[in-house]
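Shown next, in structure tokens, is the structure this report addresses.
In my numbering, the protein residues as written are 31 to 229.
Shown next as structure tokens:
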């Protein structure tokens, strides 16, 4: 059972879970990790929204499009309204999924705002891979998040997919990995609190 994060007294924040897994099945690793994090955050008193690339119906990025589709505007709004964000992706060819990067490209629509892109947003990163190469996905997300002017916390969660579950039927996440997710949530909130005090 997950412990209550230490930053729960700093509750009431808007947290976005951005799931880059393009598989629509509910039993996917991305959905299971998102569900765990969603429960953890809501128990701590936060408002949680989700962008799942598998069902967001986001078209290919087109900068010169005169009127972006409603789905794109809703997604961009979810990013800009959030205080904290957690990005999750399986490793694909050394980086995040293409659908995930496409969603992030649409944040170019905010470029002329007073606070463009992800300015002042605090982001935590999670990636999983079949082998031990999940840090490549972390590094790819880190580069994009920083290019979008977000603050990425230094504690990240690379996961080996074959060691992620406590049972052969993949029903329950292993405790050693849920502890990492718990710590990520705690440090994410602590970073947001420190950032708010000094900004």
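The C-beta atom is built at its ideal place from N, Cα and C for all residues, glycine as well.
Straight-line gap, residue i to residue j (C-alpha atoms, nearest Å)
i           : j           : result
residue 31  : residue 69  : Legend: pLDDT at residue 31 = 42, less than 50; position of this residue unreliable, value from coordinates given subsequently. Their backbone Cα atoms lie some 11 Å apart in a straight line.
residue 114 : residue 219 : 8 Å
residue 158 : residue 133 : 19 Å
residue 51  : residue 224 : 31 Å
residue 90  : residue 57  : 26 Å
residue 141 : residue 131 : 17 Å
residue 206 : residue 44  : 27 Å
residue 102 : residue 212 : 31 Å
residue 135 : residue 93  : 9 Å
residue 120 : residue 166 : 10 Å
residue 46  : residue 108 : 7 Å
residue 144 : residue 98  : 20 Å
residue 64  : residue 81  : 10 Å
residue 152 : residue 174 : 13 Å
residue 95  : residue 104 : 16 Å
residue 87  : residue 48  : 14 Å
residue 197 : residue 162 : 20 Å
Contacts around residue i, its chain only, beta-carbon distance under 6 Å, and the 5 residues preceding and following it disregarded
i           : result
residue 155 : 117, 168, 171, 186
residue 127 : 50, 52, 119
Residue interval of the alpha helix (DSSP H) (run including residue i)
i           : result
residue 128 : 128-135
residue 154 : First-last for residue 154: 152-159, but that is the beta strand (DSSP E), not the alpha helix (DSSP H).
residue 67  : 59-73
Extent of the continuous beta strand (DSSP E) run through residue i
i           : result
residue 116 : 114-120
8 Å contact criterion, which residue i and residue j should meet: CB distance rounded
i           : j           : result
residue 203 : residue 195 : 6 Å
residue 54  : residue 84  : 5 Å
residue 231 : residue 191 : Residue coverage of the chain in this structure runs from 31 to 229, which leaves residue 231 outside it and unanswerable.
Bridge partners - residue i, DSSP secondary structure assignment
i          : result
residue 80 : 47
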